[in-house]
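Taking it in order: structure first as structure tokens, then the write-up.
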Amino acid sequence: MSASVRLPRELFLDRVTGPPYIREDIVRERGDRVNMDNSLDISARVDRYRRVFGQASPDLLARAPGRINLIGEHTDYHDGLVLPIAMSSSLYVLAGGRGQNDLTVHSTAIGETVDFSAQDPGGPDDYTDLPDWSRYVRGVAALLRHNGIALRGGWLLIDSDIPVGGGVSSSAALEIGSALALLALSVASMDPVTLALLARQAEHEYAGSPCGIMDQFICLLGKADHALLLDCRSQAFRHVPLPHEQVELIVMDTGVRHAIGGGEYALRQQQGLDGLTILQASDPGIGALRDVSLERLFAHQQRMDAVIFRRCRHVISEIQRTDEAATALKAGDWAAFGRLMNASHASLRDDYEVSCAELDELVELAVQTPGVYGARMTGGGFGGCAIAMARKNTLPALRQTVTEKYDKRYANTAAVYTTQADFGANVYPLRKVQ
Numbered sequence: 003m004s005a006s007v008r009l010p011r012e013l014f015l016d017r018v019t020g021p022p023y024i025r026e027d028i029v030r031e032r033g034d035r036v037n038m039d040n041s042l043d044i045s046a047r048v049d050r051y052r053r054v055f056g057q058a059s060p061d062l063l064a065r066a067p068g069r070i071n072l073i074g075e076h077t078d079y080h081d082g083l084v085l086p087i088a089m090s091s092s093l094y095v096l097a098g099g100r101g102q103n104d105l106t107v108h109s110t111a112i113g114e115t116v117d118f119s120a121q122d123p124g125g126p127d128d129y130t131d132l133p134d135w136s137r138y139v140r141g142v143a144a145l146l147r148h149n150g151i152a153l154r155g156g157w158l159l160i161d162s163d164i165p166v167g168g169g170v171s172s173s174a175a176l177e178i179g180s181a182l183a184l185l186a187l188s189v190a191s192m193d194p195v196t197l198a199l200l201a202r203q204a205e206h207e208y209a210g211s212p213c214g215i216m217d218q219f220i221c222l223l224g225k226a227d228h229a230l231l232l233d234c235r236s237q238a239f240r241h242v243p244l245p246h247e248q249v250e251l252i253v254m255d256t257g258v259r260h261a262i263g264g265g266e267y268a269l270r271q272q273q274g275l276d277g278l279t280i281l282q283a284s285d286p287g288i289g290a291l292r293d294v295s296l297e298r299l300f301a302h303q304q305r306m307d308a309v310i311f312r313r314c315r316h317v318i319s320e321i322q323r324t325d326e327a328a329t330a331l332k333a334g335d336w337a338a339f340g341r342l343m344n345a346s347h348a349s350l351r352d353d354y355e356v357s358c359a360e361l362d363e364l365v366e367l368a369v370q371t372p373g374v375y376g377a378r379m380t381g382g383g384f385g386g387c388a389i390a391m392a393r394k395n396t397l398p399a400l401r402q403t404v405t406e407k408y409d410k411r412y413a414n415t416a417a418v419y420t421t422q423a424d425f426g427a428n429v430y431p432l433r434k435v436q
């Protein structure tokens, strides 16, 4: 794609109105919510950029949201269905151009800075000794160059309020935020689906994490007050209304951290593929577990190891639950949706075995709280967050229950807060403030 093509309108809005740095025009043009309080905290981030780099104000800010998967866990890499939302918590990349071809990237969370060439970011084997977080940025840069984007040099400051390792896709936000900042600095463009696939490739090849496509897609294609029903085989998607006035989404963060680049995540994928191989022996037309019914799986149960069978049962039943959940969401049947969430967590706990004691405790406390329709772990598992769907104003009661029962039992204090379906990634041109 030509580097002279402008960024798509939905990813780059070139008019600056309202108070410095605040994009009121997005509310008018797209119907999206932009928090006009201190949630973006752009002025403070600009000051931090100046202190770190000793430069004038940045040219732009790229925002990439985290995600909550409402249902459809560990199905994306089996060509299944997923139903995530873009959440309010986001990662921000402040970027400014420079005359030379060097890129300097600083992470405020880690307190580290890396430098590399915009023209030759290097290959996956060049990154073994680099900080983990920088592999995502350099991987995206390398693949943009490989796809013909003439990257320009610049300074990038990365700041985020997405919990790292919390199962809410901080890695995809880092990839997408960095990519949009690099594209904007280079006056280049890439359509959202192509960019999502490129970011996933960067995570596979440069970070060593065999993720599916869900996280990058929702990060780019999220819509306020809507979930995204994504078919991970065809990449077809549609937005399903999820009005925040009618229902409350409550995040419960265990404080237990995980790394999906670890062996357990990859092992679950391989176990599913092992089951698929057994099924394909009797029907070569099966392309993925998505093509298998529960009835057919049970017919082959005796040919499978018990663990392999359970892994396959989770994937197949979860795809079915996700389809039913999208129907319930469209109908506003919160009770039905909640029951499917509960069943999803039980399957993740018992069949896929990716939960942990802390997640199980929070889910159990949530479903026992009046007003909660359902709850489940979200993300890759082994820690991170759970999500509950509840009637409005349920948060205080659930937070009190967690404080009284969970926090006294476990070393990590749980953070309990509401989120809502927010809009996807954007680039904000910034006014120069001297």
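Quick note, the sequence shown lines up with residues 3 to 436 if you use our numbering. All C-beta atoms in this analysis are idealised placements derived from N, C-alpha and C, irrespective of residue type, glycine included. Model, not experiment: these values are computed from the prediction.
1. Spatial neighbours of His108 within its chain, please: CB distance less than 6 Å, with the 5 preceding and 5 following residues excluded, ordered by chain position.
2. For Pro416, which residues of its own chain have a beta-carbon under 7 Å away from its beta-carbon, when the five flanking residues on both sides are left out?
3. Excluding sequence positions up to five away, which residues of its chain have a Cβ less than 6 Å from the Cβ of Phe239?
4. Kindly indicate which three-state DSSP category Met343 falls into: helix, strand or coil?
5. Any idea what DSSP makes of Phe14, helix, strand or coil?
6. Considering Thr415, what are the terminal residues of the alpha helix (DSSP H) in which it resides?
7. Name the two residues that bound the continuous alpha helix (DSSP H) containing Leu397.
8. Thinking C-beta only, is Thr77 closer than 7 Å to Leu251?
9. For the structure I just gave you, are there three or more beta carbon pairs, one from the region 63-71 and one from the region 196-210, closer than 8 Å?
10. As a quick exercise: from Ala388, Lys225, Leu342, pick the residue whose alpha carbon is nearest that of Cys358.
11. If you reduce the DSSP assignment to three classes, tell me which class Pro245 lands in.
12. Compute the beta-carbon to beta-carbon distance between Ile1 and Leu93, rounded to the nearest angstrom, for a pair I have assumed lies under 8 Å.
13. If you drop the 5 nearest sequence neighbours on each side, which residues of the same chain put their C-beta closer than 8 Å to that of Val170?
14. CB-CB under 7 Å to Trp336, same chain, minus the five flanking residues each way: which ones, in chain order?
15. If you count every other CB in all the chains shown that lies within 10 Å of the CB of Pro86, and 16 or more means buried, which is it?
16. Measure how close the beta-carbons of Phe311 and Gly277 come, nearest whole angstrom, since I'm counting them as under 8 Å.
17. What are the complete beta strand (DSSP E) segments, minimum 3 residues, inside the region 318-401?
18. Ignore the nearest five residues each way along the sequence and tell me which others in Val369's own chain have a CB closer than 7 Å to its CB.
19. I'd like to know if the region 138-147 and the region 117-125 are in contact, where contact means that at least 3 CB-CB pairs between them fall below 8 Å.
On the basis of the data shown:
1. Val54, Thr115, Leu159
2. Residue identity differs from the one stated: residue 416 is Ala in this sequence, not Pro. Same-chain partners within the cutoff: Met254, Asp255, Thr256, Gly257, Leu364, Val404, Tyr408, Asp409.
3. Only residues of its own chain outside the window of five on either side were considered, and among them Leu230, Leu232 have a CB closer than 6 Å to the CB of Phe239, listed in chain order.
4. helix
5. Any reading at Phe14 must be qualified, since the residue scores a pLDDT of 32, below 50, and its modelled position is unreliable; no value is offered.
6. First-last for Thr415: undefined, no H or E at that position.
7. 397-403
8. no
9. no
10. Ala388
11. coil
12. Here the chain has residues from 3 to 436 only, and residue 1 is not among them.
13. Gly68, Arg69, Ile70, Met89, Ser91, Ile164, Val253, Thr380, Gly381, Gly386, Cys387
14. Val249, Tyr375, Met391
15. buried
16. 7 Å
17. 374-380, 387-392
18. Asn344, Gly376, Ala377
19. yes
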